[in-house]
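Colleague:
Numbering (the working numbering), first residue to last: 587 to 839.
#1: Give every residue of the same chain whose Cβ lies closer than 6 Å to the Cβ of residue 829, excluding the five residues on either side of it in the sequence, and list them in chain order.
#2: Are residue 725 and residue 824 closer than 9 Å when you measure CB to CB?
#3: Find the nearest neighbour of residue 815 within the set 691, 733, 714, judged by alpha-carbon distance.
#4: Which whole-angstrom value is the C-beta distance of residue 767 and residue 810, which I expect to be below 8 Å?
#5: Closest to residue 733 by CA distance: which of 761, 646, 826 is it?
#6: Span of the alpha helix (DSSP H) holding residue 779?
#7: Could you name the residues of the same chain whose beta carbon sits closer than 6 Å to that of residue 677, not counting the 5 residues immediately before and after it, in chain order?
#8: Alpha carbons only, please: which of 639, 650, 731 is nearest the one belonging to residue 686?
#9: Under the rule that 16 or more other beta-carbon atoms within 10 Å means buried, what is residue 658, buried or exposed?
#10: One question on the structure: do residue 808 and residue 717 come within less than 9 Å of each other, judged by their Cβ atoms?
#11: Between 672, 644, 652, 662, which lies nearest to residue 634 when the distance is taken from Cα to Cα?
#12: Identify the continuous alpha helix (DSSP H) that holds residue 712 and give its terminal residues.
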């Protein structure tokens with residue numbers, strides 16, 4: 587009889603433990619894990635990042651207006667509305683900050699081209715969209731346009747990056763059978779030189795009518811498309827997702 591009574595006496599305590607355990611789980615099931623709490627950025631770091639961005643934005647405007655060689659560190663800090671010494675908290679020289687800007691812009695350009703290439707399987711169409719986007723944006727955003735033109739002329743790293751991207755895209759078109767190009771490297775160099783020249787003419791207001799489509803048509807014929815097909819594809823309208831890519835990139839830069 588004792589063992590039976592003992593078992594009966596133990597049952598309530600087990601229920602109480604289970605009940606308490608259940609209450610604990612209920613109380614904690616909506617409690618966020620410690621690791622899931624967002625980590626706030628330190629105030630000092632936020633301020634430092636804002637200042638760095640102001641300096642980089644100032645450099646982009648100055649390269650667009652004056653060119654890299656003509657701008658000074660004082661120009662940069664005045665444009666960013668910060669003290670002269672603040673510059674050296676972020677960069678060692680104007681070459682250093684220019685490199686940071688070029689890397690940032692190259693990343694944006696590569697992201698845009700990559701998104702278009704992923705959306706369009708036809709390399710002739712994707713390259714048309716990229717070329718048309720850059721030429722039209724140069725008209726609509728002169729600071730951006732002049733930055734591209736002048737940085738291409740003054741910094742080999744920027745021009746090399748443009749050429750490598752053009753080579754990659756044209757080579758993909760050749761590999762897929764879409765293009766017929768004997769020398770991809772020469773075609774890439776001609777493409778970038780032609781785009782920069784057309785962009786400069788557009789920015790200076792000296793471009794003849796229909797420059798954008800005519801320039802792209804020439805490139806398509808260079809890549810081996812028939813005259814009729816080159817003309818047709820060069821006249822393609824930019825889809826909304828393409829122009830949105832540029833605006834998103836500018837808004838987050």
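Ideal Cβ positions, reconstructed from N, Cα and C, are used throughout, including at glycine. As the structure is a prediction and not an experimental result, all values here were calculated from the model.
Modeller: The structure says:
#1: So no residue of the chain qualifies.
#2: no
#3: 714
#4: Confirmed, Cβ separation roughly 6 Å.
#5: Each of 761, 646, 826 was checked against the Cα of residue 733, and the nearest Cα belongs to 646.
#6: 770-789
#7: 683.
#8: With distances taken between Cα atoms, residue 686 lies closest to 639.
#9: exposed
#10: No, they are not a contact pair.
#11: Nearest of 672, 644, 652, 662 to residue 634, Cα basis: 672.
#12: Note, residue 712: alpha helix (DSSP H), 709-726.
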